[in-house]
Amino acid sequence: MAHGVRRAALGRSGARALKREGDGATPLGRFPVRQVLYRADRVMRPRTVFPLRAIRADDGWCEDPADRNYNRLVKLSPRSGADRLTRDDNLYDLILVLGHNDRPRVRGRGSAIFVHLARPGYAPTAGCIALSRHDLLMLLAELRRGSAIYVLP
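For the sequence shown, our numbering begins at 688 and goes up steadily by one.
See below:
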C-alpha cells in the first residue's frame, strides 16, 4: 500500500469531479505535491524532498479568479483579499501545496488544494484535505519525488 490511507477531513460539499472556485468541494483525482510550507515559529523545519519555504507574516494565497496572481502564493497588501497563511489557529502550521489547477491555471476552476492540519473532530474544510498532525508528519516522511495524493470517490 503506497503511503496508505488516512483519516481526513474534506470539503464541506464533499468530493467532486468538477471543481469550481468557492464550491466548498475537494476535487477528485491525483495531485502531485508541489511544495511544503511551514510556520517556523510553531513547528520544526520538516525534512522533505520537496521545495520547502517558511511562511512569512505577509504570505497569502490568491483565490480571486479575476486577479493575475490567481492560485499563487502572494505577498499580502492592505487591500488584498488573499487567504492569509499566518492564521491564529494551527491549520496552516504545515501545508503540502498540491498541483491542482496550476499548470495551466484556469480561472474559476478552484485555487490550490492544500493538505493541512485538521480541526478538532475533523470538521470539514473549504475544499482542502486536512489530516491530524501525526498523520501529516508521517505522510511527509513517506513521500518521495513523484509522489501524489489521491482523492477517490
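Built from N, CA and C at the ideal position, the CB exists for glycine as well.
Leaving out five residues before and five after L763 in sequence, what residues of the same chain have Cβ atoms less than 8 Å from its Cβ?
Cβ within range, chain order: D745, D746, G747, A769 and R771.
Touch test, the stretch 786 to 794 against the stretch 731 to 740, Cβ-Cβ under 8 Å, three pairs minimum
The stretch 786 to 794 is not in contact with the stretch 731 to 740.
Could you check if L804 is buried or exposed, using at least 16 other CB atoms within 10 Å of its CB as the buried criterion?
By the neighbour-count criterion, in which a residue is buried when 16 or more other Cβ atoms sit within 10 angstroms of its Cβ, L804 is buried.
Helix, strand or coil for G691? Go by DSSP, reduced to three states.
Reduced to three states, the DSSP call for G691 is coil.
Grab me the residues of Y779's own chain with a C-beta within less than 6 Å of its C-beta, minus the 5 sequence neighbours each way, in chain order.
Around Y779, the same chain offers L772 and H803 as residues with beta carbons nearer than 6 Å, after the five sequence neighbours per side are excluded.
Among the candidates G711, G833 and L739, whose CA atom is the shortest distance from the CA of G698?
Check the Cα spacing between G698 and each of G711, G833 and L739: the tightest is with G711.
Where does L827 sit, in a helix, a strand or coil, going by DSSP?
Helix, per DSSP.
Measuring only the C-alpha atoms, how far is M688 from N756?
Confidence at M688 is low in this model, with a pLDDT of 34, below 50, so its placement is unreliable and the value that follows should be read with caution. Those two C-alpha atoms are separated by around 37 Å.
Please state if the CB of V720 and the CB of L783 are separated by a distance shorter than 9 Å.
Closer than 9 Å, so yes.
Which residues does DSSP list as the beta-bridge partners of I742?
Checking the DSSP bridge columns, you'll see I742 has no partner listed.
Of the residues T713, F718 and I742, which one's Cα is nearest the Cα of A727?
Of the candidates T713, F718 and I742, the one whose C-alpha sits nearest the C-alpha of A727 is I742.
Just curious, the beta strand (DSSP E) that F718 is in, first and last residue?
Its beta strand (DSSP E) spans residues G716 to Y725.
Could you pull the start and end residues of the beta strand (DSSP E) that K706 belongs to?
Following the DSSP letters along the chain, one finds K706 in no beta strand (DSSP E), marked with neither H nor E.
Mind checking G797: buried by the 16 CB within 10 Å criterion, or exposed?
The Cβ neighbour count for G797, taken over all protein chains shown within 10 Å, is at least 16; the residue is labelled buried.
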